[in-house]
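Mapping to my numbering: the sequence shown position 16 is 16, numbers consecutive.
Note that CB positions come from ideal geometry on N, CA and C, so glycine has one too.
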Amino acid sequence: MVAIYLKDIHYIVIPLLNNHNIEKLIIDTGAERIEKTADSNNAQLISVPLNSEIATSQLLIHALDHEGNTSILYNDSRIFTY
Numbered sequence: 001m002v003a004i005y006l007k008d009i010h011y012i013v014i015p016l017l018n019n020h021n022i023e024k025l026i027i028d029t030g031a032e033r034i035e036k037t038a039d040s041n042n043a044q045l046i047s048v049p050l051n052s053e054i055a056t057s058q059l060l061i062h063a064l065d066h067e068g069n070t071s072i073l074y075n076d077s078r079i080f081t082y
C-alpha cells in the first residue's frame, strides 16, 4: 500500500490495514509535525490536511500503537503524489 498526497488540495490520504493496532499517526513534513488520532477498530483511510505544498521527499509518516511503540509507516518512497 502507498499513501497518496493530493498536491492541489493539500491533503494526504493514508491507508491502514484492517484490525490494526495504530492509535496515532505522526506526519512529519520537515517544517511541521502533525498528530492525527486513528480509530483502531474500523478506520481504514485517514485524511490529513497539510498547510502548504510540500515535497514528498520531506514526508515521513510514523505510527504509534497502543503500547507506545513508534514505527515508520510510510517514507517518501511509499508516498504517491497526485
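Whole-angstrom C-beta distance between residue j and residue i, which should lie under 8 angstroms
i   : j   : result
L25 : A55 : About 19 angstroms; that fails the 8 angstroms criterion.
I14 : A31 : No, I14 and A31 are not in contact; Cβ-Cβ is about 19 angstroms, not under 8 angstroms.
Nearest neighbour of residue i, chosen from the options [CA to CA]
i   : options          : result
R78 : E67, I34 and I61 : I61
D76 : A38, Q58 and Y11 : Q58
I46 : H66, T70 and E23 : E23
D28 : N51, M1 and N42  : N51
Unbroken beta strand (DSSP E) run spanning residue i, endpoints
i   : result
L60 : L60 to D65
K36 : R33 to T37
Y11 : Y11 to P15
K24 : I22 to D28
V48 : L45 to P49
Cβ neighbour criterion (16 or more within 10 Å) applied to residue i
i   : result
L73 : buried
Y5  : buried
Per DSSP, the bridge partner or partners of residue i
i   : result
T70 : L64
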